[in-house]
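S.K.: Numbering (the working numbering), first residue to last: 3 to 80.
For every residue, glycine included, the Cβ atom is placed at its ideal position computed from N, Cα and C.
Please read these numbers as outputs of a predicted model, since none were measured by experiment.
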Amino acid sequence: MPATAAPVARTRMDATVRILAFAFTVLILAYIAIPVLVTPAMSFSDAAAVRFPIKACSAVFVSLSLIMAWYIRQLRKT
């Protein structure tokens with residue numbers, strides 16, 4: 003009986019390690035993804051902090067980046 007007990011315990015441990023590794027991976031991906039998702043939302047707001055829903059929708063950052071991209075393309079043409 004002790005010979006069969008070891009593989010069962012090891013299988014449970016492997017399943018636990020897989021679950022913990024999956025949870026850790028999800029947390030790391032969330033840690034990376036949340037700032038990536040909040041940054042575009044903040045670019046449309048003139049507030050200093052993140053507040054949802056965004057009430058003021060000033061696209062200053064977006065318009066400046068588009069103007070800058072156009073300006074850089076024009077410089078490359080010359």
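1) Among Pro42, Leu29, Ile36, Ile34, which has the Cα closest to the Cα of Ser65?
2) Do you know offhand how far Ala23's Cα is from Met44's?
3) Determine the DSSP secondary structure at Met3, reduced to helix, strand or coil.
4) Here's a check: name, in chain order, each residue in its chain whose Cβ is nearer than 7 Å to the Cβ of Met3, leaving out the five neighbours to either side.
M.R.: In brief:
1) Pro42
2) C-alpha of Ala23 to C-alpha of Met44: approximately 32 Å in a straight line.
3) Unreliable placement is indicated for Met3, whose pLDDT of 49 sits below 50; no coordinate value is reported for it.
4) Reliability fails at Met3, whose pLDDT of 49 lies under 50, so the model's placement of it is uncertain and the value that follows must be treated cautiously. Within the same chain, Met3 has no close Cβ partners at all.
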